[in-house]
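Those sequence lines, one after another, are chains A and B. Numbering-wise (our numbering), the first sequence opens with residue 39 and increments by one. Numbering-wise (our numbering), the second sequence opens with residue 39 and increments by one. Since the structure comes first, as structure tokens, the remarks are kept for the end.
Number of protein chains: 2
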Amino acid sequence: MTQSPPRSFPQSGTIGWIGTGIMGSSIVLHLLKAGYTVNVFNRTKSKTDDLIRAGAVWRSSPFDIAANSDAVFLMVGYPHDVRETVLGENGVLNGIRPGGLIVDMTTSSPSLAVEIETACRRKNVVSLDVPVSGGDVGAKKGTLSLMIGGDEKTANDLMPLWKVFGQTIVYHGPAGSGQHAKMVNQTILAGNMIGLCEGLLYARRAGLDWEKVLSSVSTGAAGSWTLSNMGPRILQGDFAPGFMTEHFLKDLRIVLDESKRMNIRLRGAELAEQFYAEAVEQGCAADGSQRLYTILERYSP
Amino acid sequence: MTQSPPRSFPQSGTIGWIGTGIMGSSIVLHLLKAGYTVNVFNRTKSKTDDLIRAGAVWRSSPFDIAANSDAVFLMVGYPHDVRETVLGENGVLNGIRPGGLIVDMTTSSPSLAVEIETACRRKNVVSLDVPVSGGDVGAKKGTLSLMIGGDEKTANDLMPLWKVFGQTIVYHGPAGSGQHAKMVNQTILAGNMIGLCEGLLYARRAGLDWEKVLSSVSTGAAGSWTLSNMGPRILQGDFAPGFMTEHFLKDLRIVLDESKRMNIRLRGAELAEQFYAEAVEQGCAADGSQRLYTILERYSP
Chain A
39 MTQSPPRSFP
49 QSGTIGWIGT
59 GIMGSSIVLH
69 LLKAGYTVNV
79 FNRTKSKTDD
89 LIRAGAVWRS
99 SPFDIAANSD
109 AVFLMVGYPH
119 DVRETVLGEN
129 GVLNGIRPGG
139 LIVDMTTSSP
149 SLAVEIETAC
159 RRKNVVSLDV
169 PVSGGDVGAK
179 KGTLSLMIGG
189 DEKTANDLMP
199 LWKVFGQTIV
209 YHGPAGSGQH
219 AKMVNQTILA
229 GNMIGLCEGL
239 LYARRAGLDW
249 EKVLSSVSTG
259 AAGSWTLSNM
269 GPRILQGDFA
279 PGFMTEHFLK
289 DLRIVLDESK
299 RMNIRLRGAE
309 LAEQFYAEAV
319 EQGCAADGSQ
329 RLYTILERYS
339 P
Chain B
39 MTQSPPRSFP
49 QSGTIGWIGT
59 GIMGSSIVLH
69 LLKAGYTVNV
79 FNRTKSKTDD
89 LIRAGAVWRS
99 SPFDIAANSD
109 AVFLMVGYPH
119 DVRETVLGEN
129 GVLNGIRPGG
139 LIVDMTTSSP
149 SLAVEIETAC
159 RRKNVVSLDV
169 PVSGGDVGAK
179 KGTLSLMIGG
189 DEKTANDLMP
199 LWKVFGQTIV
209 YHGPAGSGQH
219 AKMVNQTILA
229 GNMIGLCEGL
239 LYARRAGLDW
249 EKVLSSVSTG
259 AAGSWTLSNM
269 GPRILQGDFA
279 PGFMTEHFLK
289 DLRIVLDESK
299 RMNIRLRGAE
309 LAEQFYAEAV
319 EQGCAADGSQ
329 RLYTILERYS
339 P
């Protein structure tokens, strides 16, 4: 009888996790269940309570997380949060050992991902940008779509770990490419949301029965995830998130920043940015992105 | 042994068909195969040659079609063609018997559909507006989606006939409602096309591999018929129609006209109208609607 050698990271080991919102918490639970030791930090400590009860270990700062983990994952709010968490004085990069790994799963700026990788490389640290799609439901079920940018070998080596919470796992290229892929997703989604909400507004004003319209159009050329999933919610007046208006606005602003940098003009995304900025201004920041419908109605009193 | 009584319209009888383009011709072939006698007229006579070989009967005008048919169907180009064909001096309404039926399957103006119904009613003629979606493939396979506006009883009575070439058959309401439903379809589609083309442009400029992007995004919240069907065509540089740019422009202009009438503002549809107007101006009128991609590229030299 041979004895198995002790498994090591990424098959097992200690993971640091920063940012325990709805999505982050679900992923941490998957990691704990898969046998990882997980250190957690969150700005609002109470949001880690359930995770600590489930076996996670509280650490008091990103620095502290980094000093006690094989790899550090983060899923925080905005690019400036990512910057502060990774590059700040009490941040991950100052605490991590050489040879360590930083994985940013926040939907954030591709340019910032490149900047972080450059800073990491100087310290012999590897970084990956791995935004996800699939929402809270995908996080809970462990069926997220992972869009990976950064070092390809590292991305491949981590496959056992990705599979703990991901289903569609795609490597997109060098640092920033994961974020770019996510921005493509958001750009397409923005157009689909505008089309749906304008179509719905037209249908209502024309006196059509939306159920009948759905049955006419949803299986044809106008069909989409947005139409089938957001259409019914809007009609029920259900504006709960799903995916929050303020986060979509953040993403659209990243899309437009990067577009400018790449010298392309995306007028549909610009229009969506205006609509979502208005939604946030109207106090709908924490509503679902389907709130766009109400904003469009305001143009049509 | 009992003998069946002779069937009558809409189970059998003589149909007049005006407009034998790609879609119209496919539908006429289905009607002939189903046992109907079909009179045909088309501005360009040669486009009826195949149908006449298949058993259709040439008639020399819309008036002549109407004088010799139980019901008259039309599928022509623009609202002004519909108007001329139905209401013109040598048109259908002047030739049809009282108690007759006119079915406009052109994607045309809802307001015109109402105007036609009013004119028909004065002559004791019934009219329906029945635009379709599903394209040339749907017409060939007999799997079109039919959006019906007008008299509900007539729409129901015609079910055996609709089923000859339609699969999704939905009654939407009084005259113009079929056209309105189709305009909703086109409004949604316009947003989806903008989202797709902008996403694709972003992806290319960011240096992403589109196959990989598709595998990351097409099964999630950004997924759509447009993404899965038009994305690959654009990448292959395939701009053949499908659905012609100039026809999409026509539809978008109807959407905007009706929006104005209904006092709603659809800024996404306005943007699409500008893009498709530019496409037509650039000589791309007969290209597929995916030509939008090339137009967007022009903004981003």
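Idealized CB from N, CA, C, for every residue including glycine.
Out of the options, which has the shortest C-alpha to C-alpha gap to residue i?
i: Asp289 (chain B); options: B:Gly115, B:Val164, B:Ile272; result: B:Gly115
i: Glu122 (chain A); options: A:Asp88, A:Ile60, A:Ile56, A:Ala92; result: A:Ile56
i: Val124 (chain A); options: A:Arg91, A:Ala260, A:Val95, A:Cys158; result: A:Cys158
i: Gly59 (chain B); options: B:Ser50, B:Lys71, B:Leu89; result: B:Leu89
i: Gly51 (chain A); options: A:Tyr314, A:Thr75, A:Ile65; result: A:Thr75
i: Glu153 (chain A); options: A:Gln320, A:Ile65, A:Ala213; result: A:Ala213
i: Leu273 (chain A); options: A:Arg329, A:Asp102, A:Gly306, A:Phe286; result: A:Arg329
i: His118 (chain B); options: B:Val95, B:Ser147, B:Asn132, B:Arg97; result: B:Ser147
i: Leu69 (chain A); options: A:Asn80, A:Ala228, A:Trp200; result: A:Trp200
i: Leu131 (chain A); options: A:Ile103, A:Ser149, A:Thr144, A:Asp195; result: A:Ile103
i: Gly138 (chain B); options: B:Glu296, B:Glu155, B:Gly258, B:Ala310; result: B:Glu155
i: Arg291 (chain A); options: A:Trp248, A:Asn301, A:Glu311, A:Arg135; result: A:Glu311
i: Leu287 (chain B); options: B:Val164, B:Thr145, B:His210; result: B:Thr145
i: Arg97 (chain B); options: B:Arg305, B:Val120, B:Gly129, B:Leu67; result: B:Gly129
i: Glu127 (chain B); options: B:Leu150, B:Ser99, B:Gly172; result: B:Ser99
i: Gly258 (chain A); options: B:Thr257, B:Ser262, B:Ser256; result: B:Ser262
i: Gly280 (chain A); options: A:Pro136, A:Ala177, A:Lys71; result: A:Ala177
i: Ser46 (chain B); options: B:Ser63, B:Gly73, B:Lys220; result: B:Gly73
i: Gly172 (chain B); options: B:Leu239, B:Ala193, B:Asn162, B:Met143; result: B:Met143
i: Ala315 (chain A); options: A:Asp295, A:Glu335, A:His285, A:Ser63; result: A:His285
i: Ser256 (chain B); options: A:Ser107, A:Lys220, A:Val120; result: A:Lys220
Could you give the distance in angstroms between the alpha-carbon of residue i and the alpha-carbon of residue j?
i: Ala323 (chain A); j: Phe277 (chain A); result: 11 Å
i: Ala109 (chain B); j: Val293 (chain B); result: 29 Å
i: Leu252 (chain A); j: Val141 (chain B); result: 23 Å
i: Ser42 (chain A); j: Ala105 (chain A); result: Note that Ser42 (chain A) scores 49 on pLDDT, short of 50, meaning its location in the model is unreliable; the coordinates nonetheless yield the value given after this. Rounded to the nearest angstrom, the two C-alpha atoms are 28 Å apart.
i: Thr264 (chain A); j: Met231 (chain A); result: 7 Å
i: Lys85 (chain B); j: Val78 (chain B); result: 10 Å
i: Ile65 (chain B); j: Pro339 (chain A); result: 42 Å
i: Gln320 (chain A); j: Tyr331 (chain A); result: 13 Å
i: Ser254 (chain B); j: Val208 (chain A); result: 6 Å
i: Thr40 (chain A); j: Ala241 (chain B); result: With a pLDDT of 47 at Thr40 (chain A), under the threshold of 50, the modelled position of this residue cannot be trusted, and the question is left open.
i: Arg243 (chain A); j: Ala260 (chain B); result: 27 Å
i: Gly216 (chain B); j: Arg81 (chain A); result: 54 Å
i: Asp247 (chain A); j: Gly211 (chain B); result: 9 Å
i: Leu150 (chain B); j: Val164 (chain B); result: 15 Å
i: Pro44 (chain A); j: Glu249 (chain A); result: The predicted model places Pro44 (chain A) with a pLDDT of 46, which falls under 50 and marks its position as unreliable, so this point remains unresolved.
i: Gly54 (chain A); j: Ser297 (chain B); result: 54 Å
i: Asp13 (chain B); j: Ser63 (chain B); result: There is no way to answer for residue 13 (chain B), as the model of chain B reaches only from 39 to 339.
i: Phe313 (chain B); j: Leu239 (chain A); result: 22 Å
i: Thr192 (chain B); j: His218 (chain B); result: 19 Å
i: Lys71 (chain B); j: Arg160 (chain B); result: 35 Å
i: Asn12 (chain B); j: Glu335 (chain B); result: What is shown of chain B runs 39 to 339, which leaves residue 12 (chain B) out entirely.
Report back the beta-carbon spacing between residue i and residue j to the nearest angstrom; my notes put them in contact at under 8 Å.
i: Met282 (chain B); j: Gly326 (chain B); result: 7 Å
i: Ala317 (chain B); j: Ile333 (chain B); result: 5 Å
i: Met113 (chain B); j: Met61 (chain B); result: 6 Å
i: Phe346 (chain A); j: Gly133 (chain A); result: The question about residue 346 (chain A) has no answer here: the residues shown for chain A are numbered 39 through 339.
i: Arg303 (chain B); j: Tyr337 (chain A); result: 4 Å
i: Asp195 (chain A); j: Pro48 (chain A); result: 6 Å
i: Arg305 (chain A); j: Leu67 (chain B); result: That belief does not hold up - the Cβ atoms of Arg305 (chain A) and Leu67 (chain B) are roughly 42 Å apart, past 8 Å.
i: Gly229 (chain B); j: Gly275 (chain A); result: Incorrect: roughly 21 Å between the Cβ atoms, too far for contact.
Quiz item: Any contact of the segment 171 to 182 of chain A with the segment 194 to 204 of chain A, i.e. 3+ C-beta pairs under 8 Å?
Solution: Yes, since at least three Cβ pairs between the segment 171 to 182 of chain A and the segment 194 to 204 of chain A fall closer than 8 Å, the two stretches touch.
Exercise. Could you list the residues in the segment 192 to 211 of chain A with a C-beta less than 7 Å from some C-beta on chain B, going in chain order?
Key: Thr206, Val208, His210, Gly211
Quiz item: According to a CB-to-CB cut-off of less than 8 Å, which residues of the segment 123 to 146 of chain B neighbour chain A?
Solution: none
Exercise. Report yes or no: do three or more beta-carbon pairs, one from the segment 222 to 242 of chain B and one from the segment 264 to 278 of chain B, lie closer than 8 Å?
Key: yes
Quiz item: Taking a cut of 8 Å between CB atoms, which residues from the segment 261 to 272 of chain B lie near chain A?
Solution: Gly261, Ser262, Trp263, Thr264, Leu265, Asn267
Self-check item: Three or more C-beta pairs below 8 Å linking the segment 217 to 229 of chain B and the segment 82 to 99 of chain B
Solution: no
Quiz item: Is there contact here, the segment 156 to 173 of chain A with the segment 184 to 197 of chain A, by at least three beta-carbon pairs under 8 Å?
Solution: yes
Exercise. Please list the residues of the segment 212 to 224 of chain B that have a C-beta atom closer than 7 Å to any C-beta atom in chain A, keeping them in chain order.
Key: Ser215, His218, Ala219, Met221, Val222, Asn223
Quiz prompt | Contact residues within the segment 58 to 76 of chain B, judged by C-beta distance below 7 Å to chain A | solution = Against chain A - using a Cβ distance shorter than 7 Å - the segment 58 to 76 of chain B contributes no residues.
Exercise. Compile a chain-ordered list of the residues in the segment 247 to 258 of chain A whose CB is closer than 8 Å to at least one CB of chain B.
Key: Cβ contacts with chain B come from Asp247, Lys250, Val251, Ser253, Ser254, Val255, Thr257, Gly258.
Quiz item: Along the segment 148 to 168 of chain B, what residues have a CB closer than 9 Å to any CB found in chain A?
Solution: Pro148
Exercise. For the segment 289 to 305 of chain B, enumerate the residues whose C-beta is nearer than 8 Å to any C-beta of chain A, in chain order.
Key: Cβ contacts with chain A come from Val293, Glu296, Ser297, Met300, Asn301, Ile302, Arg303, Leu304, Arg305.
Practice problem: For the segment 84 to 115 of chain A, enumerate the residues whose C-beta is nearer than 8 Å to any C-beta of chain B, in chain order. | Solution: Identification of residues in the segment 84 to 115 of chain A having a C-beta nearer than 8 Å to some C-beta of chain B yields an empty set.
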